[in-house]
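Asks: Have a look at the structure that comes next, please.
Protein chains: 2
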Amino acid sequence: MILRLCILVLTSLVLAGYEEVKPQPQNNYRGFDLVDKAGNIRRPADVRDHYQSLGTYVVLDPKGDQVHATYASPGTAENYRKTGKFADGTVLVKEVFGADHAQMTTGDVRWASGTKVWFVMIKDEKGRYSDNPLWGDGWGWALFKSDAPDKQVATDYKKDCLGCHIPARGTDWVYVQGYPVLAAK
Amino acid sequence: MILRLCILVLTSLVLAGYEEVKPQPQNNYRGFDLVDKAGNIRRPADVRDHYQSLGTYVVLDPKGDQVHATYASPGTAENYRKTGKFADGTVLVKEVFGADHAQMTTGDVRWASGTKVWFVMIKDEKGRYSDNPLWGDGWGWALFKSDAPDKQVATDYKKDCLGCHIPARGTDWVYVQGYPVLAAK
């Protein structure tokens, strides 16, 4: 009896083990781990190492060029290609850098140099924080500046965030045209 | 005796289980999975989804702007920050796009549009393929064009690749200044 029980438990464990060594599921949209009960948003850590890159915009400005690099929580692009949507809990982070430039072997080149701010968006299909002025139009919206990288400083997404996103309203407020990984393969 | 053996095996399995549910090791530099015995290099698939972004250069050229996005095999940046080197087996992929541009809410903007070529480098600390003209100076070098994305078309890295990399010789032939994730945190 003990032997049978052991075999049963062993079999279960071995099967559980096989589950675990499969490729890790890449669609765990953990955005709400970054949000407290009142809807306050924390900046996700280690985005450069652990999120996927969606793409980069370079803004040429005589007052100072900028590089805007957008990262998404793992699995975002695969889901978007399948469904045409950002899944509930998806986190997008746009890191805004200054830019350096030089004549290089390829030509007149710009690249990222020095983080200025991070914009964070968390997809919310359910209108979870309707009393919080940083949530609405299907997203939570947040802004962090490099001089105090953990302090969320936006107060009202309609005033602080939405203005720049209006031209992208038709694509759920996100400038998807610069993100090749979202397009069908 | 059987019971003891079972407990021992169960304990081992449970401990093994704990090993498996730890965060996955992100430093499996599998570059040589892409290389056959003669040193021929295949282009890695799904780089946009599964590699990490190192950074992006934008080349302004009256004949056609380009966006150069570089991806690295998982764990590359973490290892580089610790050791100052690219680990043996590290894969770097530079995807060269054309560029679109427009006046947007942020200013005069460029972004990636349409892949032209992929450059692939695989770190080789051991001089594995000394007879192959696509290996040398610590790397394997390869080029794939978007009209035949699986056909490696470089014939000699010294002629086809190294010229553009000479200014980056002091940083192991890689333009690290545009890759913020490689810098110390």
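Residue numbers (this note's numbering), protein chains in the order written: chain A, 2 to 186; chain B, 2 to 186.
The beta-carbon is built from N, C-alpha and C at its ideal position, and this holds for glycine as well.
Just so we're clear, the structure is a prediction, and the values are computed from it rather than from any experiment.
Run through the region 27 to 111 of chain B for me and flag every whole beta strand (DSSP E) of 3 or more residues, listed as ranges in chain order.
Replies: Whole beta strand (DSSP E) segments, 3+ residues: 53 to 61, 67 to 73 and 92 to 105.
Asks: Would a check of beta-carbon distances place B/F112 closer than 8 Å to chain A?
Replies: According to the sequence as given, residue 112 of chain B is Trp; it is not Phe. Yes, B/W112 lies at the interface with chain A (some Cβ there is under 8 Å from its Cβ).
Asks: Check whether chain B comes within 8 Å of A/S74, counting only Cβ atoms and requiring the distance to be less than that.
Replies: No, no contact with chain B.
Asks: Below 8 Å CB to CB, which residues in the same chain sit around A/Q67 once its five sequence neighbours on both sides are set aside?
Replies: Counting only Cβ-Cβ distances below 8 Å, and skipping sequence neighbours, we find V59, V60, V97, F98, G99, A100 and K117.
Asks: Considering just the uninterrupted stretch of the alpha helix (DSSP H) at A/K160, what are its terminal residues?
Replies: Looking at the DSSP string, the run of the alpha helix (DSSP H) that includes A/K160 is Y158 to D161.
Asks: Can you find a CB in chain B that lies within less than 8 Å of the CB of A/C165?
Replies: By this cut-off, A/C165 is an interface position.
Asks: Quick one: what does DSSP say B/L135 is sitting in, helix, strand or coil?
Replies: It is coil, neither helix nor strand.
Asks: The beta strand (DSSP E) with B/G1 in it runs from where to where?
Replies: No answer is possible for residue 1 of chain B: it lies beyond the span of chain B, which begins at 2 and ends at 186.
Asks: Excluding the 5 residues preceding and the 5 following A/V10 in the sequence, name in chain order all residues of the same chain whose CB lies nearer than 8 Å to its CB.
Replies: Since pLDDT at A/V10 reaches only 49, below the 50 mark, its modelled position is unreliable, and no value is offered.
Asks: Can you tell me the Cα-Cα spacing of A/H69 and B/S114, whole angstroms?
Replies: C-alpha separation (whole angstroms): 16 Å.
Asks: Measuring alpha carbon to alpha carbon, tell me which residue in A/A155, A/Y130 and A/K160 is nearest A/D37.
Replies: It is A/Y130 whose Cα lies nearest to the Cα of A/D37.
Asks: Would you kindly work out how many angstroms separate the C-alpha atoms of A/Y158 and A/S147, rounded to a whole number?
Replies: Those two C-alpha atoms are separated by around 19 Å.
Asks: For A/V22, collect the residues of the same chain with a Cβ closer than 8 Å to its Cβ; drop the 5 residues on either side in sequence, then sort them by chain order.
Replies: Residue placement at A/V22 cannot be trusted, given a pLDDT of 39 that sits under 50; what the coordinates show is reported in the next sentence. For A/V22, where only same-chain residues beyond five positions count, there are no Cβ hits under 8 Å.
Asks: Along the chain, where does the beta strand (DSSP E) that runs through A/A149 open and close?
Replies: From DSSP, the beta strand (DSSP E) with A/A149 extends over A149 to Q153.
Asks: Can you list, in chain order, the residues of its chain whose CB lies under 6 Å from that of A/D161, leaving out five sequence neighbours each side?
Replies: A155.
Asks: Using the Cα positions of A/Q25 and A/G65, report the straight-line distance between them to the nearest angstrom.
Replies: With a pLDDT of 42 at A/Q25, under the threshold of 50, the modelled position of that residue is not reliable, and no figure is offered here.
Asks: Within the 8 Å Cβ cut-off, does B/T156 reach chain A?
Replies: Not closer than 8 Å to any Cβ of chain A, the Cβ of B/T156 fails to qualify, so no.
Asks: Pick helix, strand or coil for A/Y19, following the three-state DSSP scheme.
Replies: Here the model assigns A/Y19 a pLDDT of 41, short of 50, so the residue's position is not dependable and the matter cannot be decided.
Asks: Quick one: does B/Q178 have its CB under 8 Å from some CB of chain A?
Replies: Yes - at least one Cβ of chain A is within 8 Å of the one on B/Q178.
Asks: Going along the chain, which residues of its own chain have a beta-carbon closer than 6 Å to the beta-carbon of B/W112, five neighbours each way excluded?
Replies: Here the set comprises D101.
Asks: Where B/G141 and B/P134 are concerned, what is the direct C-alpha to C-alpha distance, given to the nearest angstrom?
Replies: Whole-angstrom Cα-Cα distance: 9 Å.
Asks: What would DSSP say about B/V182, mapped onto helix, strand or coil?
Replies: Reduced to three states, the DSSP call for B/V182 is helix.
Asks: Which value, in whole angstroms, describes the spacing of the CA atoms of A/K83 and B/I167?
Replies: So the alpha carbons of these two residues sit roughly 42 Å apart.
Asks: Give the residues from the region 40 to 66 of chain A that approach chain B closer than 7 Å (Cβ to any Cβ), ordered along the chain.
Replies: So the close ones are R49, D50, Q53, S54, G56, T57, Y58, V59, V60, L61 and D62.
Asks: Any C-beta of chain A sitting closer than 8 Å to the C-beta of B/V182?
Replies: Yes, its Cβ sits closer than 8 Å to a Cβ of chain A.
Asks: A/P150: buried (16+ other C-beta within 10 angstroms of its C-beta) or exposed?
Replies: Answer is exposed; the Cβ neighbour count stays below 16.
Asks: Can you tell me which of the three DSSP states A/G115 falls into?
Replies: Residue state, collapsed to three classes: strand.
Asks: Using CA atoms only, rank isn't needed, just tell me which of A/T91, A/A103, A/L144 and A/A143 is closest to A/E126.
Replies: Closest by alpha carbon: A/T91.
Asks: Decide if A/K186 is buried, meaning its Cβ has at least 16 other Cβ atoms within 10 Å, or exposed.
Replies: Flag for A/K186 reads exposed.
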